[in-house]
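For the record, the sequence lines run as chains A and B. Residue 1 is where the first sequence starts when you use UniProt numbering, and the numbers rise one by one after that. Residue 1 is where the second sequence starts when you use UniProt numbering, and the numbers rise one by one after that. These notes concern the structure reproduced below.
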Amino acid sequence: MAKRIDAVDLNVYYGKFLAVEGVNINIEPKSVTAFIGPSGCGKTTFLRTLNRMHEVLPGSHVKGNVLLDGDDIYAPGVDPVTIRSQVGMVFQRPNPFPTMSIRDNVLAGFKLNGKRMSKSDSDAVVEKSLRGANLWNEVKDRLEKPGSGLSGGQQQRLCIARTIAVEPAVILMDEPCSALDPISTLAVEDLINELKNQYTVVIVTHNMQQAARVSEKTAFFNIAGTGKPGKLIEYAETSTIFNNPSDQATEDYVSGRFG
Amino acid sequence: MIKEQTPSDPTKTAAGELSADVTDVKNAQQGPGRRHGRSRLTAGQKPRWTAWAVAGGALIIAAALMALIGFNIAGWLIITAILYVVAMYVTTTIMENRRKATDGLWTNLIVGSFLIALIPLISVLWTVISHGTPGLTAPGFFASDMKGVTGITDQKTEAGDLPLIGGIKHALMGTLLITLAATIISVPIGLLTSIYLVEYSNDNSLSKVIRFFVDVMTGIPSIVAGLFASGLMMFICQKILQMPPGSNVMGFSAAVGLSVLMIPVVVRSTEEMLRVVPNELREASAALGVRKWRTTLKVVLPTAISGIASGITLAIARVVGETAPILVTAGVALSTNFNLFKDWMMTLPVFIYRQLMNPTAPMAPTASEERAWGAALVLIIIVMLLNLLARVVAKIFAPKTAGR
């Protein structure tokens, strides 16, 4: 069951440094939203605030509200661990757990939390997640082999399988294809298209064609200069952003005039 | 300019305008290499057997030199080595060029230093094995302690009336028990300290203080650690537990002393191992909604376990041969004592020390010396086994990579 995300006047800090300023955005459930923008403009930083992964770094904090289906995830007393189990994340570089088999990697969200499952339940979860990540046919005969033995694209889809195994409401993807070849990228993009039937997907990408291919709405972030905070410049339907943007900076960026 | 230096241009060679390198290339193409009928790419190289020829020549000349001043093997080998290094340099300069000669010279010097560094190691091993084997193979060496072994029996042994009696059972058991106890004390403390430093401290000032004192602890002389343990246990046993004087001399005191030496080693090696665990794995686990302590326990530690285990094994190997801290904490004993918390205890290093410095029969020390060498051999074998174990452990626990 997908949930919507609303950010209200969100400021993101690293220590005293204001990294992202004044973001207001409404992300609909069961949609794919792409964040684009030049390097260092705060796309990833903002993405990481959506499941409270931002505060893993010492000194990092936010001001403002992030609402998950209307509930503020930064309200006092909210356990970040609960948030992260509802808002899953796929990272830029595939990072399967090296000590675990493919099967255990998929079940990591349960096993690491000490949940006990019957063999049939866990088998069902493994198959469902791997099928959901378009990886089942490739690995079904070697589930007990280490996950690090897969190719880069397979590892990334394994990480997606691991994320959807715990059935989050939202899936955040931080440049999930930047380390992959075109074929694997295609596989992951197809997967994103299927995932949006069940989940809210937010994807950060440097590849504007990818944003145009997979997303329904696109947010353009920009930065005025080094040391200045990143800002959300424009947020609209993807077709609007790419064909008829209202802001000059957006038009320059998507048409390749800078960035 | 480049065109002018083309080696196939003989006039320039005659004019001597070429740099050394270009001359080499020219030699390579038209020099002696050609006559040997090799390819253009390998031409101009000295033949493979040059090194053997030079070595043989050096051996003969060195033998001749030694014959003049009186022959001995060590001097012969040393002079041969010097002659070989010099001759190889000269030969290579003449047959190839200066650059290759310098390269060869440094290779020879480095190999030479390595061989020199090996000499003490091999010498120690040889001495201990040759001296220790008679003691080690004596019947009952592992099964008996020094109870009932007196000066009279040792004198009989030296006179050949009795076989070598007495053994290291008490010392071996003491070493194993005390080291085991020290490991049980040090590993949890060291492991938890390094987990705090790496995972939880965020490099705060407390962690800086801890790291500083761990570094200081690494440099504590072992006798000081022993004195500290002795004093601490004396205080605990006599002042707090009201036990009679002398009750603090026991195996456990020695284990405390050894842990003082062991903890910093464990902390440091474990810390290094935890730091190399990629942060991505911690983030991946956190993003799955896993709590930090579970992430540490089930992701970070298993990933680093191979390095941690071998670090711990090496720390054990480091303290197993300590003498001074045991001498002042557990004392010396003649009979086997399995109780860490009562009575004096013997360990292998202390046994060696006592057998050499205070032989059982001062007038007939041969038997004691034989036992000491045997014990030394056992100690070296234990340390070697521990090092071997560290490698095996590292291999077994290493994250399973590849497997494609």
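Every residue gets a Cβ at the ideal spot worked out from N, C-alpha and C, and that includes glycine.
For the pair B/S186 and B/P244, the Cα-to-Cα distance works out to about 28 Å. CA-to-CA, the gap between B/S130 and B/L314 works out to about 26 Å. Beta-carbon to beta-carbon, A/T44 and A/D174 are separated by about 5 Å, close enough to satisfy the 8 Å threshold. For A/D71, the three-state secondary structure derived from DSSP is strand.
The DSSP-derived three-state label of A/T33 is strand. Put simply, the CB of A/M1 is far from chain B, with every gap to its CB atoms at 7 Å or more.
At least 7 Å separates the CB of B/N248 from every CB of chain A.
When Cβ pairs closer than 8 Å are counted between the two stretches, the segment 276-286 of chain B is seen not to touch the segment 231-240 of chain B, the count staying below three.
DSSP places A/K231 in the uninterrupted beta strand (DSSP E) bounded by G230 to E237. When Cβ-Cβ separations below 7 Å define contact, A/N193 makes no contact with chain B. Counted as a single uninterrupted DSSP element, the alpha helix (DSSP H) harbouring B/M66 occupies residues T50 to I69. It is roughly 8 Å from the alpha-carbon of A/N207 to the alpha-carbon of A/I36. Distance from B/I263 to B/I189 at the Cβ level is roughly 6 Å; contact confirmed, criterion being Cβ atoms closer than 8 Å. Two segments are said to touch when three or more pairs of C-beta atoms, one from each, lie closer than 8 Å; by this definition the segment 155-174 of chain B touches the segment 336-355 of chain B. Nearest C-alpha to B/I396 among B/R318, B/L334, B/L377 and B/T303: B/T303. Where B/I236 is concerned, there is no enclosing alpha helix (DSSP H), because DSSP gives it neither an H nor an E.
With a threshold of 7 Å between beta carbons, B/K208 makes no contact with chain A. Neighbours of A/P176 in chain B, taken as residues at a C-beta separation under 9 Å, are lacking, since the least C-beta distance is about 13 Å. Here A/I183 has no same chain residue with a Cβ atom under 6 Å from its own Cβ, once five neighbours each way along the sequence are excluded.
In the same chain as B/A62, and ignoring 5 residues on each side of it, the C-beta atoms closer than 7 Å to its own belong to W76, I79, T80 and L83, in chain order. Scanning the segment 6-68 of chain A for uninterrupted beta strand (DSSP E) segments of 3 residues or longer gives 17-27, 32-36 and 60-68, listed from N- to C-terminal end.
Take A/R142, set aside five residues on each side of it, and no residue of its chain has a beta-carbon closer than 6 Å to its own. Following the DSSP letters along the chain, one finds B/T92 inside the alpha helix (DSSP H) bounded by residues I73 to M95.
Proximity to B/L191 across B/V267, B/A367 and B/V111 peaks at B/V267, based on C-alpha coordinates. Note on geometry: alpha-carbon atoms of A/N11 and A/A249 lie some 21 Å from one another. Within 7 Å of the CB of B/V290, the CB atoms of chain A belong to L112 and N113, in sequence order along the chain. Within the segment 5-24 of chain A, contact with chain B at the beta-carbon level (separation under 7 Å) is assigned to no residue. In the three-state scheme derived from DSSP, where H, G and I count as helix and E and B as strand, B/L301 is classed as helix. B/A330 is not a Cβ neighbour of B/Q355, given a cutoff of 7 Å. Each of A/I25, A/F17 and A/V106 was checked against the Cα of A/F221, and the nearest Cα belongs to A/I25.
A/N222 carries a strand assignment under DSSP once its states are collapsed to helix, strand and coil. Counting along the chain, A/V170 sits inside the beta strand (DSSP E) bounded by residues V170 to D174. With a cut-off of 8 Å on Cβ pairs, the segment 92-110 of chain A is in contact with the segment 132-149 of chain A, counting three or more such pairs. Around the beta-carbon of B/L197, 16 or more other beta-carbon atoms lie within 10 Å, marking it buried. Nearest in C-alpha terms to B/G251, of all of B/L162, B/T336, B/F212 and B/V111, is B/T336. In this structure A/A133 touches A/A161 by the C-beta definition: roughly 4 Å separates them, less than 8 Å.
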